[in-house]
Amino acid sequence: MIKRFKSFFTRYINKLFRNKNNVKLGFYGPPNAGKTTLANKISMDWLGEEVGTVSKVPHETRMIQTKEQVKIKSGRKELTFNLIDTPGIATKIDYEDFLKFKLKSKEAKSRAKEATKGIIEAIKWLDSVDAVVIVLDSTKSPYSQVNITIVGNLAARDIPVLIVANKTDLKKASVKKVESAFPQYPVVGISADKGENMENFYKELFRIIN
Amino acid sequence: MLSFKYIPYREHSVLNTDQKLNKIFNIVRRDKIVLMQGKLKPQEEAKLIERTMGQITKDFTGISFCTVYPNGNNKKKKKKNSSVVKSATRAVGDIMYKSFMGKRDCLTIVGPANIVKDIRKNPSQIDLFING
Numbered sequence: 001m002i003k004r005f006k007s008f009f010t011r012y013i014n015k016l017f018r019n020k021n022n023v024k025l026g027f028y029g030p031p032n033a034g035k036t037t038l039a040n041k042i043s044m045d046w047l048g049e050e051v052g053t054v055s056k057v058p059h060e061t062r063m064i065q066t067k068e069q070v071k072i073k074s075g076r077k078e079l080t081f082n083l084i085d086t087p088g089i090a091t092k093i094d095y096e097d098f099l100k101f102k103l104k105s106k107e108a109k110s111r112a113k114e115a116t117k118g119i120i121e122a123i124k125w126l127d128s129v130d131a132v133v134i135v136l137d138s139t140k141s142p143y144s145q146v147n148i149t150i151v152g153n154l155a156a157r158d159i160p161v162l163i164v165a166n167k168t169d170l171k172k173a174s175v176k177k178v179e180s181a182f183p184q185y186p187v188v189g190i191s192a193d194k195g196e197n198m199e200n201f202y203k204e205l206f207r208i209i210n
Numbered sequence: 001m002l003s004f005k006y007i008p009y010r011e012h013s014v015l016n017t018d019q020k021l022n023k024i025f026n027i028v029r030r031d032k033i034v035l036m037q038g039k040l041k042p043q044e045e046a047k048l049i050e051r052t053m054g055q056i057t058k059d060f061t062g063i064s065f066c067t068v069y070p071n072g073n074n075k076k077k078k079k080k081n082s083s084v085v086k087s088a089t090r091a092v093g094d095i096m097y098k099s100f101m102g103k104r105d106c107l108t109i110v111g112p113a114n115i116v117k118d119i120r121k122n123p124s125q126i127d128l129f130i131n132g
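Line by line, the protein sequences give chains B and G. Every letter in the first sequence is one number past the one before it in this note's numbering, and letter 106, counting from 1, is 106. Every letter in the second sequence is one number past the one before it in this note's numbering, and letter 116, counting from 1, is 116.
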């Protein structure tokens with residue numbers, strides 16, 4: 001009971017004093033959904049610098065990457081963000097999966113080890129973000145347990161969420177599937193790679209923060 | 001051969017998060033699939049992933065897990081019922097049902113990744129993919 005009250009009180013205080021002019025914006029989602037691509041796109045649009053490297057090999061981002069003081073404008077409003085790009089969350093990591101991408105055994109093992117640490121770090125960061133963009137690959141089923149766990153944890157912490165259905169430039173993409181999986185959250189379909197529908201993304205982002 | 005271990009609600013509801021996860025890992029690390037009545041809290045699910053990552057080796061590559069609801073947890077279906085009386089009746093029924101059964105009215109499946117390759121959940125169906 002005391003624990004619950006303490007948690008409620010902490011959340012309330014955090015919400016009250018959340019600095020809307022320096023929003024810690026986390027990018028969460030499964031591996032290879034396009035989190036870094038989107039963080040790069042935003043950072044390039046407003047700062048002219050990239051956040052991290054992207055790759056077709058899963059778990060390319062294995063450490064938290066941040067970009068501070070990114071000033072974003074949408075309409076007449078302007079907000080300053082700290083972008084926090086997190087490693088993709090997964091429930092299993094097999095180094096042999098990396099061998100399929102022609103990585104050497106030693107390299108694959110090291111990548112697997114770093115990826116496990118990255119996932120632990122990403123989960124710990126859930127307590128430090130002000131708002132979250134959940135990036136999902138809209139060509140894949142949104143009903144995965146990892147997605148549900150991320151959404152559930154953000155709801156429990158009362159953190160504003162925007163869901164991005166990424167890769168809309170691909171044939172198999174379905175924004176509707178993502179919308180029907182998470183009807184309680186705003187969903188915006190974009191292609192971070194091609195920079196499609198970014199205007200709407202920024203609008204929705206400002207809406208969840210305000 | 002697939003081996004399952006059922007954990008009834010009364011057995012895990014009295015445990016704290018660490019004890020609950022220890023129980024799950026004791027079974028999963030023996031290559032068995034856990035069928036747990038009820039579900040983990042979101043924070044417990046996050047802890048489950050964290051602890052899984054801390055145990056990954058060449059031989060233990062992680063877990064697959066999923067919570068299954070009997071009615072598919074489909075909120076759209078509820079909206080179709082437009083009658084106020086029916087909605088109110090359903091709301092009261094839901095509250096009573098949740099009070100007595102809510103936390104145990106679902107099943108959580110946790111399996112070692114080397115056995116359970118994937119659990120795919122659609123609103124109306126669960127597919128368990130076993131490594132063969």
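Yeah, the Cβ is synthetic: ideal placement off N, Cα and C, and Gly gets one too.
Whole angstroms are fine: how far does the CA of Q184/B sit from the CA of D97/B?
Approximately 35 Å between the Cα atoms of the pair.
I need the straight-line Cα distance from Y6/G to R51/G, nearest angstrom please.
C-alpha separation (whole angstroms): 21 Å.
Can you list, in chain order, the stretches of the alpha helix (DSSP H) that have 4 or more residues and sit fully within the stretch 81–135 of chain B?
Runs of the alpha helix (DSSP H) inside the stretch 81–135 of chain B: 95–99, 105–124.
Please report the straight-line C-alpha distance between Q55/G and T17/G, rounded to a whole angstrom.
Rounded to the nearest angstrom, the two C-alpha atoms are 17 Å apart.
Taking all protein chains shown into account, decide if E78/B is buried (16 or more other Cβ within 10 angstroms of its Cβ) or exposed.
Classification for E78/B: exposed.
Taking Cβ-Cβ distances below 9 Å as the criterion, which residues of the stretch 123–144 of chain B are in contact with chain G?
Within the stretch 123–144 of chain B, the qualifying residues are I123, K124, L126, S141, Y143, S144.
Less than 8 Å separating the beta-carbons of I208/B and A131/B?
A contact, by the Cβ cut-off of 8 Å.
Look at the Cβ atom of K171/B, then the Cβ atom of A113/G, and state whether they are nearer than 8 Å.
No, these two residues do not count as a Cβ contact at 8 Å.
Hey, how far is the Cα of I190/B from the Cα of T116/B?
Approximately 29 Å, taken between the alpha carbons.
Would you say N82/B faces chain G, with C-beta separation under 8 Å as the test?
No, N82/B does not count as interfacial toward chain G.
For I89/B, decide whether its Cβ has a neighbour in chain A, counting only Cβ atoms nearer than 8 Å.
You won't find chain A in this structure, because its protein chains are B and G.
Quick check on R120/G - is its C-beta less than 8 Å from some C-beta in chain B?
So, interface residue.
Going by C-alpha to C-alpha distance, which of F129/G, K41/G, R120/G sits closest to S144/B?
Of the listed residues, the one whose Cα sits closest to S144/B is R120/G.
Does the distance from the C-beta atom of I84/B to that of V129/B stay below 8 Å?
In contact: I84/B and V129/B (Cβ atoms closer than 8 Å).
Nearest chain B C-beta to G38/G closer than 8 Å, yes or no?
No, no contact with chain B.
Cβ closer than 7 Å: which chain B residues qualify as neighbours of M53/G?
Those within 7 Å of M53/G in chain B are T116, I119, I120.
Determine which residues share a DSSP beta bridge with C66/G and list them.
Partner(s): I109/G.
May I ask you to report which of helix, strand or coil DSSP gives R29/G?
Note: R29/G maps to coil in three-state DSSP.
In chain order, what residues of the same chain lie with their CB nearer than 7 Å to the CB of K203/B, ignoring the 5 residues before and after it?
Closer than 7 Å at the Cβ level, and outside the excluded window around K203/B, lie S74.
Could you check where the alpha helix (DSSP H) with F206/B kicks off and where it finishes?
Run containing F206/B: 198–209, per the alpha helix (DSSP H) assignment.
For T149/B, which option in F25/G, I115/G, F65/G, F129/G has the closest C-alpha, if you only look at C-alpha atoms?
Checked all of F25/G, I115/G, F65/G, F129/G; the closest Cα to T149/B is F65/G.
Does the beta carbon of K78/G sit closer than 8 Å to a beta carbon anywhere in chain B?
Residue confidence is low: K78/G scores 45 on pLDDT, short of 50, so the model does not pin down where it sits. Its coordinate-derived value is still stated next. Taking Cβ atoms only, chain B never reaches closer than 8 Å to K78/G, which makes this a no.
How would you label N81/G, buried or exposed, when you count the other beta carbons within 10 angstroms and need 16 or more for buried?
With a pLDDT of 47 at N81/G, under the threshold of 50, the predicted position of this residue should be treated as unreliable, though the coordinate-derived value follows. Exposed, because fewer than 16 other Cβ atoms sit within 10 Å of the Cβ of N81/G.
CA-CA distance, F217/B and D105/G?
Look at the range of chain B in this structure, 1 to 210, and you will see that residue 217/B is not part of it.
Give me, in chain order, the residues of the same chain whose beta-carbon lies closer than 6 Å to that of G111/G; leave out the 5 immediate sequence neighbours on both sides.
The residues are I33, S64.
May I have the straight-line CA-CA distance separating F4/G from P30/B, to the nearest angstrom?
Cα to Cα, F4/G sits roughly 28 Å from P30/B.
Taking the continuous alpha helix (DSSP H) assigned at E44/G, which residues delimit it?
Where E44/G is concerned, the enclosing alpha helix (DSSP H) stretches over 42–55.
P58/B: which of F27/B, V187/B, D45/B, L99/B sits nearest, CA to CA?
The shortest C-alpha separation from P58/B is found at L99/B.
Mapping DSSP to helix, strand and coil, what is Y143/B?
Coil at Y143/B, not helix or strand.
Under 8 Å between beta-carbons, which chain B residues line up against G62/G? List them in chain order, please.
Chain B residues near G62/G: A90, T91, K92, I93, D94.
Check each residue of the stretch 149–177 of chain B: if its Cβ is closer than 8 Å to any Cβ of chain G, include it; give the result in chain order.
Hits within the stretch, in order: T149, G152, N153, A155, A156.
Taking the Cβ atom as the reference point for each residue, do K177/B and P142/B lie within a distance shorter than 8 Å?
Result yes, Cβ atoms of K177/B and P142/B sit closer than 8 Å.
Counting C-beta neighbours from all protein chains within 10 Å, is the total for D137/B 16 or more, i.e. buried, or is it exposed?
Buried.
Below 8 Å between beta carbons: does that hold for Y95/B and A112/B?
Yes, the Cβ-Cβ distance between Y95/B and A112/B is below 8 Å.
Taking C-beta to C-beta, are R76/B and L126/B nearer than 8 Å?
Taking 8 Å as the Cβ cut-off, R76/B and L126/B do not qualify as a contacting pair.
Using a Cβ cut-off of 8 Å (strictly closer), state whether E135/G contacts chain B.
For chain G, the structure presents residues 1 to 132; residue 135/G sits outside this window and is missing.
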